[in-house]
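Those protein sequence lines, which keep their order, are chains A, B and C.
Each residue of the first sequence is one higher than the one before, counting from 1 in the numbering used here.
Each residue of the second sequence is one higher than the one before, counting from 539 in the numbering used here.
Each residue of the third sequence is one higher than the one before, counting from 937 in the numbering used here.
Take a look at the structure set out below.
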Amino acid sequence: MKTYDAIVVGAGHNGLANAAFLAKAGLDVVCIEKNDYIGGATVSRNLYKDWYYSNCSYVCSLLRPEIFRALELHKHGLQVTPYGGSCTFMENGDYYASYPDHEVTYREMARHSKHDADAYVRYSADVMRQCRFIRDFLLTTPPDPTSLKPKDLRNLAKIGGKFFEMGEDRMYETIRFWTMSVAEYLDEYFESDVIKASLSGSGIIGTALGIHSPGTAYVLLHHYMGDVDGNVGAWGYARGGMGAVADALCGAFQGYGGELRAGSGVDQIIVKNGKVRGVALENGDEISSRIVVSGMDVKRTFLKCMDRSDLDEEFYNRVRHFKIRGSSGKLNIALDGLPTFPALPENSPVMDGDLHFIDSMERMERAYDDWKEGTWSKDPYIDMTIPSFTDPTMAPPGKHFMSCFIQYCPPLVEGREWTDEERDQFGETCIEQIARFSPDFKDLILHVEVRTPKEIENEAGLTEGNIFHGELTMDQLLFNRPIPGYAQYRGPVAGLYMCGSSTHPGGGVMAAPAANAAREILSDLKRSNVVPENFGDD
Amino acid sequence: MSAFEVEQGKLRTPFWPKTRAFDRLSESHDWKGYASADAYLEGGLEYFAIRNSTGVFDLSPMTKYRISGPDSLAFLDRLVTRDMKKIRPGRVAYAVWCDDQGQVIDDGTIFHLRDGEYRVCSQERHLAWFTAAAIGFDVTIDEETTRVAALAVQGPTSFSVMQNLGLDGIENLKMFGLMHFDFHGEELMVSRTGFTGDLGYELWIAPGKAEALWDALFEAGKFLGIRPIGTYALEMARIEAGYLAPYLEFIPAEETVRTGRSRSPFELGLDWLVDFSKPVFNGRRALADEQRRGSTWRLVKLDIEGNKEAHHSYVYARKGGRMINIGFITSAMWSPVCKQNIALGSVKTPHGKPGDTLWVEIYYQREMHWSRVMAKATVVDGPFWDPPRRRATPPAPA
Amino acid sequence: MADRYDAIIIGAGHNGLVCGALLAKAGKKVLILEAQEQVGGAAITRKFADGFSVSACAHLLYQLQPQVCKDLDLSIDTVADDMATIALDSAGQHLRIRNGAATGLNDSDARQLHAFHKRMARFSELLRTYLNKTPPRLANGTKTDVVTLARLGLDMRRLGRKEMRAFLRLIGMNIYDEVEERFENPLLKGAISLDAVLGTHLGPRSPNTILTYLYRLAGNHGKLSTPTGGMSGVTEALAQRARDSGATLRTSMPVKRIVVDNGRATGVETDNGETFSSWIVASNADPKTTIMQLVTPRYLETGFVRRIDNIRMRGNAAKLHLALDGLPVIKGIDKKDFAERMLIAPDADYVERAFNPAKYGEMSADPVLEITVPSFRDPSLAPTGKHVLSAIVQYAPYGLREGWSDAARDTLMNHAIDKIAAYAPDIRQRIIAAEMLTPADLESEFRIGGGHWHHGELALDAFLFTRPVSGAAQYAMPLDGLYLCGAGTHPGGGISGAAGRNAARAILDREKTT
């Protein structure tokens, strides 16, 4: 039987990126995918006629440009086009929008509050400062604060140095930023409820926390720290849908000689004498290798695909209690035409951006209260985009693809499995919310795919449908991610590595965990490194 | 402003119906959302209007706040570094305001309109900062940017233009003074202020009378070489006068993302604006500390040998046998009136004392090819251009 | 000036008294001014009905720092020490918890509780060292600051690798996930959740609530006691220490303003128009009240004022006092159990649900309660045979949407009594008199902004380096001569005396150098 240098489990964007780097370094790598298509949650699906749904992840900003460049993804068809603007529709018939142009946004903000329009300048600078701080550590393995190894001490000193460099006052403000709730953080800058509600969305997307939960200011940062061509905080569409990201990564992987095996997932990671020996697939095949890299989340990796006896009890318990909560749902909709929103001026450019329908902080938080009680939000926070507005390849001419990301949606309804009827009710709740602001919306719907955490888990393999492979709370960030003591991509068994979003720096289509994991693997193999360093951001 | 108007491109000032007739270039840039002409015909010619006759600059987009209420003086005195108690009604003060770290947020002019009533005029917007600064003060801060149209009327013949406009008593208006006149039933405020370092005035009027004022002004200046000028010309005059421009000589402190990119008043050569006899003002504690400790940066005015403009240049000092990099140029130009190659720059202390010799690394392009020179530069004290007519009262008629 | 004091302390709350007593002990000429007739601030015993007295705000002692007692040679008489916690169960299957052990738990829970308690005790011990120090400055500080920071790092390492990892993981976490991970018994989960959130604007699911829980333990390992004669037992003793050391203490002297002269706090003016001058002024009032009302922003710089203005002062804890003609009957509760602390927090979700309305400016219809019957052991508080019930009722937000009125207060009181009645059905028949103090009442009576027990939210973003605000965590305010010494400063509220002691030490250190 052939023995590979490495097996990468899961052809999501992290699995593929990791496999691509390993293959680039000259390893003989096979990447295993349970579905007969690749991409995991970074996928474009043709589920209705000529429509292509980015049916999980739907926008792109976090994908590290260093990785894009190192793997030459443009040669494999990846093109990321920035889009701009956003709009929050208000109960009173008005709306609050933002635009790619700073001055237009200023005018729009000033329409709601002149004070806030001015305060936005300081807010932007303060958030940008935090982005700059974290961005430097995205392509870095987190140091172990309990270790005295030179590498860890050096990396700790580097973080300390970056922190110290901010100057005393801003160091304190940084501590506050990292520990505050997004609501309280915004309260320190803004007075307008709709402006705060609009900005707070980024603090909860994908998170089982409410806007008033401490720590959500960091989640906001997680959505701001990406960039499109150096434009920090900007978001874009992958041309052809998010599947284009996976396709390009797979193209790079195969271009470096890697082998893809799709259609049967890993049943078991084989361990002998405390060392990894390969994997057994669901279809009964066994593949042998001394290195197995899991792109799956840690719960799936260790609780489903490993024998409990191969794991240390405490490690096992920490994994079991790793917080990976389903809190998001998704509606993917094929439209017969562009819906109109009468509140907006004709041909308003904000249609190009993301649209929201919650206009107050109270409604934001109440949406979370529903989730805590084990139901979907009756008045949910919807992040709605129409990618076909920017990307003509996603729907036939004149038709549109609409992606609705919904917060909050529980993995279980009041502790039990979803019924189909409940799933339809959930979809209906979201459609009704949008329809209140767009009278022709419902008539334009040709097809709807409703995805609760259950569908997301079943298809993309994300435990509980958690888009980040684990909550982005302080106890699960940096050297705590995924498990304290295991934050450097190495699993508890020799030869076992983790490269998914459960590891630092976390979720989003970033591929940074994959790159960092590849660097560690190559270092363990004493191979020369092919993983890029941070561009740096002076 | 309605939702519809928000999306309607660049804003136009109240003078737009008039200035458009002069505009041969349609070249403008964004100034706080307004289209502001770079030049109307040719920047160089417009510059000479400032130095030779009268140039008219539309400064309506300038951010303006009306400060009133029983605590207006106390509020301003705590806000800015200089002593506002000395600024009597009818006077104007150039001032800077700092954050608690003693770093400059912005500079601007403060007009003491009437007893206890002020207008603060600045390039940036500050409602959020002013609102925070007003906590605990009985003061009203009213943004009146769109309610006041303004023109800068600058140059050696500007006094005569004012006279021709029929402004009685204008001859007694001293530098940094202001007077009120009636213009077609509206109040016209004239201040002897400007951004050019030359004889000049600024005119402030309700937007409804803007076009009428423009017509009257150009009628009054018909034989005095009056012409509209754009930003290009104003910027030249600004550098010759040695004035600061935000985003060039300093970045508003609250907008800086990187550490050490803001500047204190001391670092901008504005020591004279910091009055420690006031027991409290924003930045006082940090500035007192800086005064004891010494500043990191110093703004320098440089007279550079040769005639190659020192845009984006590094500045060096000789130490031992070596050239060490001590800073950079922030604004540079060839001064047509002084026939000098001048620049403003930011250098590390203790370098840059008046009289010091420094070097400037200049790259310039001629027909595609680039050349480099290390040009010797002398640090000068005071403005490059400061004609006696600027402050003569009464000014000499044209 | 002959009658110039070295220091004036505004407010004879427990921290003000500690600070004043320590300064006096160091030979300073100290004047302590108290607005009320009685010393003690929010740590007082006062009459609320004919013949009935109660600790009007805080009613249990568990955080008093041994360092404070040692420095002031103080010992507090108590009627009850090491009280148990009884988590009330509506079916009478109550849980009695004491020192990391509880009756009625299954093996797993018992084991976990022991481990949990041990770990929390260890972490709180680490924390306690730093509660009794001035927070170090992260830069531009003195050698002491650097040493303190280095020691903090070292102390964390000394926990050992495993515990240090656990500490770094837990410190930002919420109590809910931790209790859900460890325990099965809902009463236990509810009781621990309640301890973590009492006095805050947080629910058990809010991250940070492990920290607030640790904070609670960081005095006397969470051992609860009741001072003889109520909380005034503590503050009267402190006042006596202050007087003994030579401090002047004047009550019924509300301070109207802090006098600022030429950029320096030089004394205070009281409501009756008297002025007192001093070299320094230390305020035991909360930071927001001190800066915004007593000093007024005009004497301070804008960035600082903005930060003070942003301090979150949303009190959520109300206080219920009942005068009872006898002990109520609670199923499964013996008479002797009334010596203990009783909680109504049947599970963690209940506590979280009680918090929900507070986010929207509504009071909990089903509040959580911490109940004591102090008269059970202390006959001085009620006529013979009669009793006083004292309960903290949460959540009752200071910023009640419709505003606090008599009607709103009555509604809250009914919610609270109804809740007690669910366990003690005869409670209403027993009531002779009742008093409800809402956060608004606590604010007006005790002059605590927002009625917030901690003088400002206690959370990671307002802890150590950033309490009360960034850049002013070392007790000295950016106005020469002005210090804070109350709960709004590091380490926070609770009858601990740490803030007062740290402030006194900071004052003595600083005034020595300048």
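Even glycine gets a Cβ: it sits at the ideal position worked out from N, Cα and C.
Beyond the five residues adjoining it in sequence on each side, Arg-1034 (chain C) comes within less than 6 Å, by CB distance, of Ala-1020 in the same chain, given in chain order. When DSSP states are grouped into helix, strand and coil, Met-727 (chain B) belongs to the strand group.
For Ser-181 (chain A), the three-state secondary structure derived from DSSP is coil. If only uninterrupted alpha helix (DSSP H) runs of at least 4 residues are considered, those enclosed by the stretch 231-270 of chain A are 243-255. Residue range 895-904 is occupied by the beta strand (DSSP E) that includes Ile-900 (chain B).
Counting only runs that start and end inside the stretch 568-603 of chain B, the alpha helix (DSSP H) elements of at least 4 residues fall at 581-590. Here Leu-148 (chain A) is exposed. Its C-beta has fewer than 16 other C-beta atoms within 10 Å. For Arg-1141 (chain C), same chain residues with a beta-carbon under 7 Å away, outside a window of 5 residues either side, are Asn-1110, Tyr-1112, Glu-1288 in chain order. By the rule that beta-carbons nearer than 8 Å mark a contact, Glu-103 (chain A) touches chain B.
Boundaries of the alpha helix (DSSP H) harbouring Tyr-224 (chain A): 216-224, taken from the DSSP string. In this structure, the alpha-carbon of Tyr-486 (chain A) lies about 24 Å from that of Ala-41 (chain A).
Rounded to whole angstroms, Asp-561 (chain B) and Asp-621 (chain B) show a C-alpha spacing of 42 Å. Where Gly-427 (chain A) is concerned, the enclosing alpha helix (DSSP H) starts and stops at 420-435.
Using beta-carbon distances, Met-180 (chain A) counts as an interface residue toward chain C, with a partner under 8 Å.
A direct Cα-Cα distance of roughly 12 Å separates Gly-759 (chain B) from Ala-587 (chain B).
Annotation: Leu-331 (chain A) is outside any alpha helix (DSSP H); the continuous beta strand (DSSP E) that includes it extends over 328-335. Residues are counted here when their Cβ sits less than 8 Å from a Cβ of chain C; for the stretch 789-820 of chain B these are Pro-817, Val-818, Phe-819, Asn-820, given in chain order. Boundaries around Lys-196 (chain A) are those of the alpha helix (DSSP H), 193-200, since no beta strand (DSSP E) includes it.
Gly-1430 (chain C) is bridged by DSSP to nothing; it lacks a bridge partner. For Thr-1232 (chain C), the nearest beta carbon of chain B is closer than 8 Å to its own beta carbon. Contact check for Gln-692 (chain B) against Gly-746 (chain B) fails: the beta carbons are separated by 8 Å or more. For the options A:Ala-514, A:Glu-464, A:Glu-91, A:Glu-165, the alpha carbon positioned closest to that of Gln-488 (chain A) is the one of A:Ala-514. Residue burial is scored here from C-beta neighbours: Lys-712 (chain B) has fewer than 16 other C-beta atoms within 10 angstroms and is therefore classed as exposed.
Nearest CB-CB separation between Asn-480 (chain A) and chain C: below the 8 Å threshold. For Pro-1361 (chain C), there is no enclosing beta strand (DSSP E), since its DSSP letter is neither H nor E. If you check each beta-carbon in the stretch 663-682 of chain B against every beta-carbon of chain A, the ones closer than 7 Å belong to Arg-663, His-664, Leu-665, Ala-666, Thr-669, Glu-681.
Contacts with chain B at 8 Å (Cβ-Cβ) include Asp-1245 (chain C). Non-local C-beta neighbours of Phe-535 (chain A) in its own chain, meaning closer than 8 Å and more than five positions away in sequence, comprise Pro-65, Glu-66, ordered along the chain.
Here Leu-1130 (chain C) is not bridged, per DSSP, to any residue. Neighbours of Val-544 (chain B) across chain A, judged by C-beta separation under 7 Å: Val-104, Arg-107, Glu-108, Arg-111. Within chain A, no residue has its CB atom less than 7 Å from the CB of Lys-886 (chain B), the nearest being about 17 Å off.
Here DSSP, grouped into helix, strand and coil, assigns Gln-878 (chain B) to strand.
Assigned with DSSP and collapsed to three states, Phe-714 (chain B) falls in coil, not helix or strand.
Listed along chain A, the residues sitting closer than 9 Å to Lys-570 (chain B) by beta-carbon distance are Glu-103, Tyr-106.
When secondary structure is reduced to three states using DSSP, Lys-1224 (chain C) falls in the helix class. Annotation: the stretch 27-95 of chain A contains the following complete segments of the alpha helix (DSSP H) (minimum length 4 residues), in chain order: 65-70.
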